Structures are given as structure tokens and as C-alpha cells.
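Using the working numbering, the letters of the sequence shown map in sequence onto residues 5 to 146.
I have placed the structure first, in the form of C-alpha cells, so that the comments after it can refer back to it.
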Amino acid sequence: MGLVAFKLIDYVGSADSRMVTFFPGTPEQVDGVSNLIQRIIKRIFTIEGSDAFNTKIGTNFYGLFTALSLDEAKQFKNTFSILLKDVEEELINEQNDYSNLSDYETLQELSVESIEYDETFGGWLISINVLTNANNSILVTI
């Protein structure tokens, strides 16, 4: 049995790089690059242990997103890259359990393109480069 995911995140094309979460009336299966992007976003924004179906997924990134001072922002920037490697490893290990994933929905590497902290807004703009096994590179901004 393959990895089946239902579409919960709509990643709008690179023209405006927006991510929209929604709950469709009729569940729609997601595959290809959209499946991979959704799995990455879910890992980052799911609180570790909060998924009833798999308590091993998720991160503690939410704590890092609350940095308020410039010093905390600098620490976050250094920490995020390290923790993203753990997410990459988990996703690669997970996908090895499924034989029918296409090269477009199989992760090869995650890397941080940029991390910017907007002091006025008090929030983060993080761009992650996603490299698939099809050598397709996607820039995801969260």
C-alpha cells in the first residue's frame, strides 16, 4: 500500500508563493510534488506528538517561531537549519517504506535558502529549497 494523503494545503504557484490551508468538502487525494510539499509543511507545523495517527511526527519548531528579541532571532536562524535536517531524515526514512512514490514526491534534500526576521512585524519569512529525486527543485516559503 502506498502513502496516501488528502489535500489539506494548497500551495499556490511560484508567482505569489502563498500557502493556503483548507478543509475541502470532499476529500481529494494529493500526489506528486504537492504530496511532498504537504508532508514537509505538516512536519514543520505539527506539534510533536499531537498527531493521533502517528505520534512520532511533528517538531517543536512552534517554540522557535515565538522569538521576540533580535538575539533570539539570531539563535533561531542558527537552530532552524540544524533541526530541518532532522525533518529531512524523518521524511526520507518514511518514504523508504513506500514503493509506489514517484521521483517527484520523493525527497532527496531540504536546505534553507533564507531566513529573515521582520522586527516590526515580529515574524519569520523562511524559504526552504526542496530537492526531489527527480532533481526538481522547489522553493517553499513559510
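Ideal placement from N, C-alpha and C gives every residue a C-beta, glycine not left out.
Since we're looking at a predicted model, the values are computed, not measured.
- Excluding the 5 residues flanking it on each side, L135 has same chain C-beta neighbours closer than 6 Å at Q112, E113, S141, in chain order.
- If the five residues before and after T50 are omitted, its C-beta is found closer than 8 Å to the C-beta atoms of I61, G62, T63, all from its own chain and listed in chain order.
- Counted as a single uninterrupted DSSP element, the alpha helix (DSSP H) harbouring I41 occupies residues 36 to 49.
- In this structure, Y108 lies away from V34, with their beta-carbon atoms at least 7 Å apart.
- Residue environment analysis places E92 among the buried positions, since at least 16 neighbouring C-beta atoms fall within 10 angstroms of its C-beta.
- Nearest neighbour of N139 by Cα position, chosen from E117, E98, W128, S106, turns out to be S106.
- For the 7 Å CB-CB criterion, Q99 and T83 do not form a contact.
- In this structure, I41 sits away from V116, with a CB-CB distance that is not shorter than 7 Å.
- About 5 Å separates the beta carbons of E120 and L129, which is inside the 8 Å limit, making them a contact pair.
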